[in-house]
Amino acid sequence: MGKFVIAGLGALSFVLPLAAHEHGMHDEMMEKMEMKDTATPASVSVKGEIVDMVCYLDHGATGAKHAECAKTCITSGLPVGLKTEDGKLYLLVGEHKPINSSLADLAAKTVTVKGKLVSRDGISMIENAEITQ
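Using my numbering, read the sequence shown as starting at 142 and increasing by one per residue.
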């Protein structure tokens with residue numbers, strides 16, 4: 142008897158999601174899940190220091206002493222970020238592609254970046270980032 146109950150529950154676990162998908166519930170659930178962190182992406186201008194994310198996260202490397210290393214890391218394709226004076230860190234990306242080549246020479250310099258701010262699971266990113274200063 143127990144085997145039939147387990148088999149029945151197993152079958153339901155496959156059938157119910159299919160039924161939900163057929164009635165449009167799946168799409169609604171996915172939309173709600175995707176909206177939990179950044180409901181509406183905002184256009185922002187943020188001022189901060191260009192950092193290579195690997196060295197900064199690994200050992201807190203910033204500033205002029207780290208400029209050459211940061212430039213090398215950014216040029217080689219490692220993630221690039223913007224660290225603000227209030228301690229926030231943003232991942233910087235172009236329009237669905239890296240923008241490392243345009244940011245490498247700005248390593249360790251303070252700039253203002255404009256773009257679309259999005260956040261998910263504790264990570265913030267500025268998309269379509271462009272330097273305005």
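C-beta atoms are modelled at their ideal positions from N, C-alpha and C, and glycine is treated no differently.
From residue i to residue j, what distance separates their C-alpha atoms?
i	j	result
E175	G256	Because E175 sits at a pLDDT of 47, beneath the cut-off of 50, its placement in the model cannot be relied upon, and the following sentence gives the value as read from the coordinates. Their Cα atoms are separated by approximately 20 angstroms.
D193	C214	6 angstroms
L157	V185	Annotation note: pLDDT 47 at L157 (below 50); position unreliable, coordinate value reported separately. Cα to Cα, the separation comes out at about 42 angstroms.
Q274	V187	10 angstroms
L244	K250	10 angstroms
Does the Cβ of residue i have 16 or more other Cβ atoms within 10 Å, making it buried, or fewer, making it exposed?
i	result
V190	Note on residue identity: the sequence assigns Glu, not Val, to residue 190. Result: buried.
I267	buried
Tell me residue i's beta-bridge partners as DSSP assigns them.
i	result
D193	V221
G256	V185
DSSP state of residue i, grouped into three classes?
i	result
I272	strand
- Query: Can you list, in chain order, the stretches of the alpha helix (DSSP H) that have 4 or more residues and sit fully within the segment 199-252?
  - Reply: 208-216 and 241-244, all fully within the segment 199-252.
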